[in-house]
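**Q** Just dropping this structure here.
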Amino acid sequence: MSRLPIPDLDAVPAASKPILDAVHKQLGVVPNMFRLVASSPAALEGFAGNNGALSRALDVKTRERIALAVAQINGCDYCLSAHTYLGLNLAKLTPEEVARNRRGQSGDAKADAAVGFAAKVVRERGQVADADIKTLREAGYSDGQIVEIVAIAAENVFTNLLNNVARTDIDFPVVSAADAA
Numbered sequence: 134m135s136r137l138p139i140p141d142l143d144a145v146p147a148a149s150k151p152i153l154d155a156v157h158k159q160l161g162v163v164p165n166m167f168r169l170v171a172s173s174p175a176a177l178e179g180f181a182g183n184n185g186a187l188s189r190a191l192d193v194k195t196r197e198r199i200a201l202a203v204a205q206i207n208g209c210d211y212c213l214s215a216h217t218y219l220g221l222n223l224a225k226l227t228p229e230e231v232a233r234n235r236r237g238q239s240g241d242a243k244a245d246a247a248v249g250f251a252a253k254v255v256r257e258r259g260q261v262a263d264a265d266i267k268t269l270r271e272a273g274y275s276d277g278q279i280v281e282i283v284a285i286a287a288e289n290v291f292t293n294l295l296n297n298v299a300r301t302d303i304d305f306p307v308v309s310a311a312d313a314a
C-alpha cells in the first residue's frame, strides 16, 4: 500500500483536474503516479509541462530506453513496470531490448550511446568525462539532443524518487528492479 495516499479522481484538487482529464484523454486511464502528483497542483503542472515538452524530444524508443535505464539504476519498481509496459506496447521495443536498456545498453548503436550516457549521468550525478560527450557527438547527437538526453534522465529521476518515497501502488504489470534484467 502506498505510503502517500493515491487520491480518487473526484478527490484531487480542482486545479489538478484539467491536467488529469488530458492524461485520461491521452492514455484512456489515469495512472496512480499522475493521481499522486495531482495532490500538488503546482507539481502536477510542472511535471505535465515538462513531460509534454520532452515528448517532442528525441524519439519514443530512445525516451523509453532512457526511462528503463534510469528506473533500474534508481530501483523504482513503479517506473520500471510502467516503462516496461510502455516500451513493449507503445515504443514496440522487444523484450530483449528492454532487458538491455535496463542494463544501460541498447542493441541499436546510436541509442546505445544515448542510453549509456543517460545511465552514466544518473550514476555519476552529471560528472561525465569529455570522452562521454565526444561519444554522443560521434553517434550523431547534436548538442541540443545531448541536453534533451539529460532532461529526460532528470525527469525520470523525479518520478523514480517520488514513487520510491510514496511506494506508489503499481497499476501496470509488475516488474522488479531486484530481478536481474
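Numbering (the working numbering), first residue to last: 134 to 314. Yeah, the Cβ is synthetic: ideal placement off N, Cα and C, and Gly gets one too.
Give the DSSP-derived three-state secondary structure of Thr217 in the structure shown.
**A** helix
**Q** Give the secondary structure of Tyr104 by DSSP, where H, G and I count as helix, E and B as strand, and everything else as coil.
**A** It is not possible to answer for residue 104, since the shown part of the chain is limited to 134 through 314.
**Q** For Ala246, I'd like the list of residues in its chain whose CB is within less than 6 Å of its CB, leaving aside the five on either flank, ordered along the chain.
**A** Thr268, Leu269 and Ala272
**Q** Going by C-alpha distance, which of Ala264, Gly182, Asp276 and Asn297 is nearest Ile206?
**A** Asn297
**Q** If you count every other CB in all the chains shown that lies within 10 Å of the CB of Asp276, and 16 or more means buried, which is it?
**A** Exposed, because fewer than 16 other Cβ atoms sit within 10 Å of the Cβ of Asp276.
**Q** Judging by CA-CA distance, which residue of Thr227, Pro228 and Leu201 is the nearest neighbour of Ala215?
**A** Leu201
**Q** Apart from the five residues just before and just after Val308, which ones in its own chain have a Cβ nearer than 6 Å to its Cβ?
**A** Leu213, Ser214 and Thr217
**Q** Mapping the DSSP letters down to three states, classify Gln159 as helix, strand or coil.
**A** helix
**Q** Using only CA atoms, which one of Asp192, Ala310, Ala190 and Tyr211 lies nearest to Arg300?
**A** Sorting Asp192, Ala310, Ala190 and Tyr211 by C-alpha distance to the C-alpha of Arg300 places Tyr211 at the top.
**Q** Verify whether the separation of the beta carbon atoms of Val255 and Val261 is less than 8 Å.
**A** The answer is no: Cβ separation not under 8 Å.
**Q** Around the C-beta of Gly208, are 16 or more other C-beta atoms found within 10 angstroms, so that it is buried, or is it exposed?
**A** exposed
**Q** Counting along the chain, where does the alpha helix (DSSP H) carrying Pro228 start and finish?
**A** Pro228 to Arg235
**Q** If contacts are defined as beta-carbon pairs under 8 Å, then Val193 and Asn293 qualify, I think. What distance do you get, rounded to the angstrom?
**A** About 19 Å separates the two Cβ atoms, so there is no contact after all.
**Q** Go ahead and pull the three-state DSSP assignment for Leu223.
**A** It is coil, neither helix nor strand.
**Q** Would the region 158–169 count as touching the region 183–193 if we require 3 or more Cβ pairs under 8 Å?
**A** no
**Q** Ile266 to Ala242, Cα distance in whole Å?
**A** 15 Å
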